[in-house]
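Peer 1: Numbering-wise (this note's numbering), the sequence shown opens with residue 0 and increments by one.
Where is the CB? At the ideal position from N, CA and C, for every residue including glycine.
This is the structure I want to talk about, given as structure tokens.
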Amino acid sequence: MSGGGALLRVEHLKKEYPGATPLADVNLTVNEGEVVAVIGPSGTGKSTLLRQINQMERATAGKIFFRDEEITAPGYRVDLLRQNIGMIFQSFNLFSHLTVVDNIMAAPTALLGLPRQEVYDRAKELLAKVGLSQKALSYPDELSGGQQQRIAIVRALAMEPKILLFDEPTSALDPTMVGEVEAVIRQVAESGVTMMIVTHDMEFARRISNRVLYMDEGGVYEDGTPEQIFGNPQREKTRQFIRRLKVLTLSVASRDFDFIGCHTTIEAFGQKNDMPKDVVRSLMMLFEEIVTQLLLPRLPEPPRIVWTVEYNPKEESAEVAVQYNGDAFDVMESGNDLSLRIVRGCTENVRYQAEAGETGNRLSLTVRRIKKDFP
Ligand code: ADP
Ligand code: MG
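Next comes the structure, spelled out in structure tokens:
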């Protein structure tokens with residue numbers, strides 16, 4: 000693979016810590032002018048990735064190229080990189096003993112050796128752009144969190160970097176200040192600066208980026224446009240993450256499995272995810288009817304049942320998938336009338352499908368809140 004318009008290229012990057020390997024094999028390219036949102040569950044190595052790109056830490060294996068030059072090569076001058084790659088952290092990291100304008104001027108004068116007047120003029124110009132001209136002589140602790148983060152962005156921009164990395168830039172802020180910081184980030188994006196932004200805010204990611212990387216399983220698990228990733232994710236984990244689904248899986252592999260334990264697990268899952276009580280009750284009832292009344296008497300020895308619940312908090316609905324072994328048979332066609340009535344009574348959209356595999360029978364159903372239409 001070779002450069003083209005690539006500003007940044009990461010090849011087979013691996014990062015191991017004692018006790019954790021957040022990055023197993025990361026491959027990605029960021030092209031000039033792209034605004035890349037990086038999303039994924041916490042602990043999947045998003046911050047670790049930015050620290051490797053920024054060379055704050057050395058990778059265990061793999062290579063990173065900036066404009067076709069390998070920055071992970073031994074002897075590469077990291078101070079050159081500091082001019083090209085700017086980073087903004089969750090906690091603003093301003094120097095508390097320096098005024099705003101001195102914070103902004105520190106790196107350009109020290110690292111680039113530019114004349115003070117030139118750097119000062121540029122600092123004032125950038126401050127005006129983010130609406131903070133009047134704060135030039137203030138100290139960081141005289142500013143709000145939102146103002147400090149805007150200054151941190153200006154400080155990074157003062158180096159005229161080729162790419163800006165943001166690690167959760169708004170997640171330490173009071174909610175009332177998120178908007179002003181996002182507006183500044185959007186303004187910088189529109190000016191054509193290449194960016195990688197790690198964020199938990201899906202709405203923000205969707206609005207600001209023209210590309211989204213979903214990180215999971217030690218690498219870039221899915222890569223696409225915001226329309227693709229948020230509108231039509233292709234892979235299972237992306238889909239679950241995007242829809243904020245809460246997933247519970249129970250396995251039954253014996254006729255004398257721990258029934259009480261399964262009930263307790265479903266109850267705890269419901270509590271943890273703030274599920275409406277009637278949905279939890281329906282889930283427990285379904286498990287009992289389908290597993291113990293309808294399936295276990297019919298399944299071959301040993302039985303195999305995989306019970307998956309995906310709870311969607313927005314809709315307050317749960318999707319249940321029941322996979323089971325044995326010859327193809329639709330459990331909803333079986334004889335126990337009372338159990339079938341109970342199942343139908345608390346579900347909708349019941350589908351059966353025979354697929355390949357050991358647990359090739361698959362029953363899917365949806366559980367919704369019981370609507371109370373009368374007092
Ligand atoms: P994310 O930003 O996606 O939430 P991180 O990159 O912060 O994830 O962390 C990924 C994993 O690596 C976590 O399990 C974390 O505990 C571990 N980790 C991160 N930094 C270090 C470190 N300096 N030493 C040991 N483990 C670390
Ligand atoms: Mg992080």
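Let's test the definition: count the other Cβ atoms within 10 Å of the Cβ of PRO374 and tell me whether it reaches 16, buried, or not, exposed.
Peer 2: In the sequence shown, the residue the question calls residue 374 occupies position 375. With a pLDDT of only 47 at PRO374, under 50, the local geometry of the prediction cannot be trusted, and the value read off the model is given with reservation. So PRO374 ends up on the exposed side.
Peer 1: Beta-carbon within less than 8 Å of ILE52's beta-carbon, same chain only, minus the 5 sequence neighbours each way: which residues are those?
Peer 2: Along the sequence shown, one-based indexing puts residue 52 at 53. Closer than 8 Å at Cβ, skipping near neighbours: LEU7, VAL9, ILE63, ILE84, LEU164, MET195.
Peer 1: Nearest CA to the CA of THR224: which residue from GLY39, PHE240, ARG205, PRO73?
Peer 2: As a working mapping, residue 224 is identified with position 225 in the sequence shown. Nearest of GLY39, PHE240, ARG205, PRO73 to THR224, Cα basis: ARG205.
Peer 1: Identify whether GLY269 lies in helix, strand or coil by the three-state DSSP scheme.
Peer 2: Counting from one through the sequence shown, the residue named residue 269 turns up at place 270. Reduced to three states, the DSSP call for GLY269 is helix.
Peer 1: Taking ALA109 as the reference, give the member of SER190, LEU79, ALA252 with the closest Cα.
Peer 2: Mapped onto the sequence shown, residue 109 falls at position 110. Checked all of SER190, LEU79, ALA252; the closest Cα to ALA109 is LEU79.
Peer 1: Identify the continuous alpha helix (DSSP H) that holds LYS128 and give its terminal residues.
Peer 2: Indexing the sequence shown from 1 puts residue 128 at position 129. It spans 115–128 - the alpha helix (DSSP H) in which LYS128 sits, taken as one unbroken run.
Peer 1: Out of THR346, PRO168, VAL35, ARG234, state which residue places its alpha-carbon closest to the alpha-carbon of PHE286.
Peer 2: Here residue 286 corresponds to residue number 287 of the sequence shown, with the count starting at 1. When each option's Cα is compared against that of PHE286, the closest is THR346.
Peer 1: In whole angstroms, what is the alpha-carbon distance linking LEU136 and VAL153?
Peer 2: In the sequence shown, the residue the question calls residue 136 occupies position 137. In the sequence shown, the residue the question calls residue 153 occupies position 154. C-alpha separation (whole angstroms): 15 Å.
Peer 1: Taking 6 Å as the cut-off, does the CB of SER90 come closer than this to any heavy atom belonging to the ligand MG?
Peer 2: For the purposes of this step, residue 90 is taken as residue 91 along the sequence shown, with counting starting at 1. Checking every heavy atom of the ligand MG against the Cβ of SER90, none is found closer than 6 Å.
Peer 1: Among GLU167, GLU69, PRO114, which has the Cα closest to the Cα of SER41?
Peer 2: Along the sequence shown, read from residue 1 onward, the residue named residue 41 stands at position 42. Cα-wise, what sits closest to SER41 is GLU167.
Peer 1: Spatial neighbours of ILE369 within its chain, please: CB distance less than 6 Å, with the 5 preceding and 5 following residues excluded, ordered by chain position.
Peer 2: Taking the first residue of the sequence shown as 1, we reach residue 369 at position 370. Answer for ILE369: ASP277, listed in chain order.
Peer 1: I need the DSSP call for GLN322, collapsed to helix, strand or coil.
Peer 2: Residue 322 sits at position 323 when you count from the first residue of the sequence shown. Strand at GLN322.
Peer 1: Name the residue from GLU332, GLY344, GLY218 whose alpha carbon lies nearest to the alpha carbon of THR47.
Peer 2: Residue 47 sits at position 48 when you count from the first residue of the sequence shown. Of GLU332, GLY344, GLY218, the residue nearest in Cα terms is GLY218.
Peer 1: Looking at the structure shown, is GLU31 part of a helix, part of a strand, or coil, going by DSSP?
Peer 2: On the sequence shown, residue 31 is found 32 positions in, with the first residue counted as 1. Residue state, collapsed to three classes: coil.
Peer 1: On the three-pair Cβ rule with 8 Å, is the region 266–281 touching the region 301–320?
Peer 2: Yes: at least three Cβ pairs fall under 8 Å.
Peer 1: Please tell me whether, using a cut-off of 6 Å, the distance from the CB of SER137 to the nearest non-hydrogen atom of the ligand ADP is below it.
Peer 2: In the sequence shown, the residue the question calls residue 137 occupies position 138. SER137: no, Cβ never under 6 Å from the ligand ADP.
Peer 1: Starting from the N-terminal end, write out each residue whose C-beta falls within a distance shorter than 5 Å of any non-hydrogen atom of the ligand ZN.
Peer 2: Inclusion of the ligand ZN in the displayed structure is not the case, the ligand content consisting of the ligand ADP and the ligand MG alone.
Peer 1: With DSSP as the reference, please indicate the residues paired to MET86 in a beta bridge.
Peer 2: As a first step, residue 86 is located in the sequence shown; it is residue number 87 there, counting from the start. According to DSSP, which records beta bridges pairwise, MET86 is partnered with LEU164.
Peer 1: Given this structure, state the Cα-to-Cα distance separating MET0 from HIS11, to the nearest angstrom.
Peer 2: Position 1 of the sequence shown, counted from the first residue, corresponds to residue 0. Position 12 of the sequence shown, counted from the first residue, corresponds to residue 11. Because the pLDDT of MET0 is 40, which lies under 50, any placement of that residue in the model is unreliable, and the question is left without a value.
Peer 1: Would you give the residue range spanned by the beta strand (DSSP E) that ILE184 belongs to?
Peer 2: Counting from one through the sequence shown, the residue named residue 184 turns up at place 185. From DSSP, ILE184 is part of no beta strand (DSSP E) but of the alpha helix (DSSP H) over 177–189.
Peer 1: Answer yes or no: do MET158 and PRO107 have a C-beta to C-beta separation smaller than 7 Å?
Peer 2: As a first step, residue 158 is located in the sequence shown; it is residue number 159 there, counting from the start. As a first step, residue 107 is located in the sequence shown; it is residue number 108 there, counting from the start. It is a contact, given that the beta carbons lie within the stated cut-off.
Peer 1: How would you call MET214, buried or exposed, if buried means at least 16 neighbouring beta carbons within 10 angstroms?
Peer 2: For the purposes of this step, residue 214 is taken as residue 215 along the sequence shown, with counting starting at 1. Looking at its Cβ environment, which holds 16 or more other Cβ atoms inside 10 Å, MET214 is buried.
Peer 1: Which term fits ILE394, buried or exposed, when burial requires 16 or more other beta carbons within 10 angstroms of its beta carbon?
Peer 2: As displayed, the chain neither begins before 0 nor continues past 374, which places residue 394 out of reach and without an answer.
Peer 1: When you compare only the Cα positions, how much space is there between HIS262 and GLN270?
Peer 2: As a working mapping, residue 262 is identified with position 263 in the sequence shown. As a working mapping, residue 270 is identified with position 271 in the sequence shown. Computed Cα separation, rounded: 12 Å.
Peer 1: Under three-state DSSP, which class holds ILE369?
Peer 2: Here residue 369 refers to the residue found at position 370 of the sequence shown. Coil, per DSSP.
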